[in-house]
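J.: I have a structure I would like to understand better, so I am pasting it below and will then ask my questions one at a time.
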Amino acid sequence: MSIPLFLPPARIVEHLDDRRAIPLRELLAAAGVPCRATGRFTDRLVCVVPGKPGLIEREPGDWAAVRIGVPSGLSARNAARYASAVMAYGLMDLVARESLRGQLWARPTPPRGRPARGLALTGVERQRNYRARRLRRKRRKGNRG
5 MSIPLFLPPA RIVEHLDDRR AIPLRELLAA AGVPCRATGR FTDRLVCVVP GKPGLIEREP
65 GDWAAVRIGV PSGLSARNAA RYASAVMAYG LMDLVARESL RGQLWARPTP PRGRPARGLA
125 LTGVERQRNY RARRLRRKRR KGNRG
């Protein structure tokens, strides 16, 4: 499982229903990640809502309650992982960021169309690709007629 590269901005609401919310340290534990922080910062309430993958709502304030939507069909562990990644990279929560640092599953997926290798092509390689595409187009046109 990986997280999306771009997350929508959080919507600030006046009050969230926090009856089903759990503290951030319990969310991280459900994700299988040790919480690397102590104190009241780990008590931030997080409510995970399945089936609404673009929902990020929070109350005003630095350590106020948060509601996060996760895609439907995820296991409990993957839903907790997705929600903790949204906390870390969508809300820039320091406790979540430090706890997820170094986790392979927390890496965002690369955008589609990205080259398999990170190096730029040389002029010779670009010219070779251009000629090959042109030749393929020419052959397809010849087969139609």
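Just remember that this note's numbering sits 4 ahead of the position in the sequence shown, which is counted from 1.
Don't be surprised by glycine CBs; every beta carbon is placed ideally from N, CA and C.
With a 10 Å radius around its C-beta and 16 neighbouring C-beta atoms as the bar for buried, classify Arg48 as buried or exposed.
T.: That one is buried.
J.: Helix, strand or coil, according to DSSP, for Glu61 in the structure here?
T.: In the structure shown, Glu61 sits in a strand (DSSP, three-state: E or B).
J.: Report yes or no: do the stretch 63-70 and the stretch 19-36 share at least 3 C-beta pairs separated by less than 8 Å?
T.: yes
J.: Which residues bound the beta strand (DSSP E) around Ala37?
T.: The sequence shown places Val at residue 37, not Ala. Here Val37 belongs to no beta strand (DSSP E), and DSSP marks it neither H nor E.
J.: Would you mind reading off the limits of the alpha helix (DSSP H) that contains Arg1?
T.: It is not possible to answer for residue 1, since the shown part of the chain is limited to 5 through 149.
J.: Take Gln107 and list the residues in its own chain whose beta-carbon comes closer than 8 Å to its own, dropping the five residues that flank it on each side.
T.: Val37
J.: I'd like the list of long-range same chain contacts for Thr113, defined as Cβ closer than 8 Å, with 5 residues on each side in sequence excluded.
T.: Ser6, Ile7, Pro8, Leu9
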